[in-house]
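Undergrad: Encoded as structure tokens, here's the structure I'll be asking about.
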Amino acid sequence: MPDIIQLLPDHVANQIAAGEVVQRPSSVVKELLENAIDAGADNIKLIIKEAGKTLIQVIDNGIGMSQTDARLSFERHATSKIKKAEDLFNLHTKGFRGEALASIAAIAHVDLKTKQEGKELGTLIKIEGSTVVAQENTTTPKGTSVAVKNLFYNIPARRNFLKSNSIETRHIVNEFQRVTLAHPNISFSFYHNDSEIYNLISSNLRQRIVAIFGKKTNEKLVPINEKTEIVEITGFVAKPEFSKKKRGEQFFFVNDRFIKNAYLNHAVSSAFDGLISNNFYPTYFLYLKVPAKSIDINIHPTKTEIKFDDEKTLYAILRSTIKHSLGQYNVTPVLDFNRNSSFDTPYQYKSKKVDTPKVTVNPDFNPFKTGEQKSVKSPFKKETKEKWESLYTGLTIENIEVESETVNSSLFSETKSNSKTYQIHNKYLVSSIKSGIVYINQNLAHQRILYEEFLENITVKEAMSQQLLFPLEISFNKSDIHLIKEIKEDLESIGFLFDKILDDTIVVKGIPVNITESQITIIIEQLLEDIKNDVPETSFSQLDIMAKSLAKSLAIKTGTKLDLKEQEELVNKLFLCKQPDLSPFGKTTFVTINLDEIDKKFNN
Ligand code: ADP
Ligand code: MG
């Protein structure tokens, strides 16, 4: 047998390594931004085209590279940041593996331009799939520009695996936010397809947070400051009444590096115990400084997990610091004259906000009826009463039978309505049916009804809209505005009408008929959170998430009393649905109990 082992050629090894470092355009953004920071830049520009699929460029004014270093920087394990293993325990830079540029150059076309301070000429290097295709002197400003084009051009499977532009952009925005929040003193700008997404000037942390998340954020922030022997904690948490229904803005930075840590997150949440209701999440921007040697950063390059020496103590300090700060904020009002006085009563305000989405069923509203309102082309329209009876196989509602009988009992004479539905515990609707009894969960059933209505509206793009008497202005942060622009058409297809979409404000002039004005903000916020959190895989699933999100927000809640008419409407509509038995999230909407089963209980 001949020997069969051989060393992989460099470009193959690099491609394999690249798979680890570069999952998607946002990974390149992270690596390039971090290199610029490590190079001591105080002004960094990010330019992307087509969600980073055609171009990702980072331009910095850092120290630049010599000609030799510029060439070397693309070699694997080439780094200026550590020299020996011990350095790993005293890291002060973002990078240290010397893998990023080599990996990126293996799977893209890269143009590097760099010049050191005081030098007349800089260096230009062009690399395509690990092969240097050009190297020459060039005039370029001090600092470095790395342009990464046609990512994954030589790995079609990877390229095809990339998600839609809106999804990839969202990943990039997330990465950009993490890096810029970690370094408020550095100026950053961000352009996508030539339009400016962010322009962040060097500032303090509070100003940086506000610049990213919008003017309104300022009044929400409670400062956190604590210095102990093992950790220094600074940053902000949002006042309890501004907590979100989804894990949205939660940022931990350790030694200026964004991290995720479920344990510490729990410490923060527990500091909010009793201040926010169960299914709400606090917003926070927390910065921990610990001695570099007390953390183990030697982890996978793209992972954000981190290990601490003494997590338990850290947990306790974090929790008590935040509790303390929240307590202080509650007793001593912040000196801020522009403050909205409603923030003085966090508890009241909070509970009000939670209760807002109360929906009253409009008994005259019927999407299947053509009337004075704009009609909807309904794929479900064919499904008439007969259809629901057949869906209801074996479950013929009693009242249909009863109608032909002479009802002589005075017990029934009061219920003139031919419906025999009862609501129990403001939660279930109970109806007697031929074969026994049906129990319907009002909340889940209504979710199903609304879900199908919204899906239908979205697909036929012809929804009913009610004009607002006074257009409503709502503020959002820039990236949310970006997202709103992306889904604007879909929002319009379910009945929203926008007067304007500005930089940090939207002006709504029309809303879907089945929502009320007071619900608009919470519904749009919830929707954006849901889309961000579910990171839809396709534009179809984005529509699906929208329909689900709205259905969930708007469905009649458990605990809502329904009158007979509303109950009847709910039952009728449910059984007109395509799939009445499941909520949009796959939960059972109704159960039936057969007469046999009831009989059995008496036959003992
Ligand atoms: P690492 O950051 O882990 O050292 P990289 O592959 O990202 O590895 O970069 C390799 C080297 O190239 C860095 O150590 C640094 O010396 C140099 N380098 C990369 N980007 C820049 C930049 N923007 N400015 C100056 N030097 C840079
Ligand atoms: Mg690096």
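Under my numbering, the residues of the sequence shown are numbered 727 to 1330, in order.
Cβ atoms here follow ideal geometry from the backbone N, Cα and C, with glycine treated the same way.
(1) Flag this pair as yes or no: are the beta carbons of Phe1006 and Ser1051 separated by less than 9 Å?
(2) Tell me which residue opens and which closes the alpha helix (DSSP H) that Gln1293 is part of.
(3) Please go through the same chain and pick out, in chain order, the residues whose beta-carbon is closer than 6 Å to the beta-carbon of Ile785, but skip the five residues on each side of it.
(4) Look at the alpha carbon of Asp1229 and the alpha carbon of Ala744, and state the distance between them as a whole number of angstroms.
(5) Are at least three pairs of beta-carbons, each pair with one atom in the segment 796-814 and one in the segment 769-783, less than 8 Å apart?
(6) Considering only C-alpha positions, which residue in the set Gly1000, Phe1034, Pro1008 is nearest to Lys1015?
(7) Is Ala826 near the ligand MG - that is, is its Cβ less than 8 Å away from at least one heavy atom of it?
(8) So the candidates are Glu846, Pro882, Gln783; which of them puts its Cα closest to the Cα of Ile898?
(9) Go through its chain and collect everything with a Cβ distance to Asn930's Cβ below 7 Å, but skip five positions before and after it.
(10) Taking the alpha-carbon positions, what's the Asn1169 to Gln1149 distance?
(11) Quick check on DSSP: helix, strand or coil for Val1016?
(12) Helix, strand or coil for Asp1225, going by three-state DSSP, please let me know.
(13) Should Gln1252 be labelled buried (16 or more other beta-carbon atoms within 10 Å of its own) or exposed?
(14) For Ala767, does the three-state DSSP call read helix, strand or coil?
(15) Nearest-angstrom Cα distance between Val1080 and Leu1276?
(16) DSSP three-state call for Val755: helix, strand or coil?
(17) Please report the Cβ distance between Glu1234 and Leu1194, rounded to the nearest whole angstrom; I am assuming they are in contact, meaning their Cβ atoms lie under 8 Å.
(18) DSSP state of Ser1003, grouped into three classes?
(19) Can at least three beta-carbon pairs, one atom from the segment 1160-1177 and one from the segment 1307-1317, be found at a separation below 8 Å?
(20) Considering only C-alpha positions, which residue in the set Leu1321, Asp1225, Ile1248, Asn1152 is nearest to Ile1282?
(21) For Tyr989, I'd like the list of residues in its chain whose CB is within less than 7 Å of its CB, leaving aside the five on either flank, ordered along the chain.
(22) Which of the three DSSP states is assigned to Leu1198 in this structure?
(23) Would the segment 740-758 count as touching the segment 831-848 if we require 3 or more Cβ pairs under 8 Å?
(24) Is the beta carbon of Ile1257 sitting closer than 9 Å to the one on Ile1246?
(25) Less than 9 Å between the C-beta atoms of Lys841 and Lys868, yes or no?
(26) Whose C-alpha, out of Lys839, Lys756, Glu776, is nearest the C-alpha of Thr794?
TA: On the basis of the supplied data:
(1) no
(2) 1290-1300
(3) Lys771, Ser871
(4) 37 Å
(5) no
(6) Out of Gly1000, Phe1034, Pro1008, Phe1034 has the C-alpha closest to the C-alpha of Lys1015.
(7) yes
(8) Gln783
(9) Pro910
(10) 12 Å
(11) coil
(12) Correct three-state label for Asp1225: strand.
(13) When all chains shown are included, Gln1252 counts as buried.
(14) coil
(15) Confidence at Val1080 is low in this model, with a pLDDT of 33, below 50, so the placement of that residue is unreliable and no value is reported for it.
(16) helix
(17) Reading off the sequence, residue 1234 comes out as Val, not Glu. The beta-carbon separation of Val1234 and Leu1194, rounded to 7 Å, stays under the 8 Å limit for a contact.
(18) coil
(19) yes
(20) Asn1152
(21) Glu1037, Tyr1041
(22) strand
(23) yes
(24) no
(25) yes
(26) Lys839
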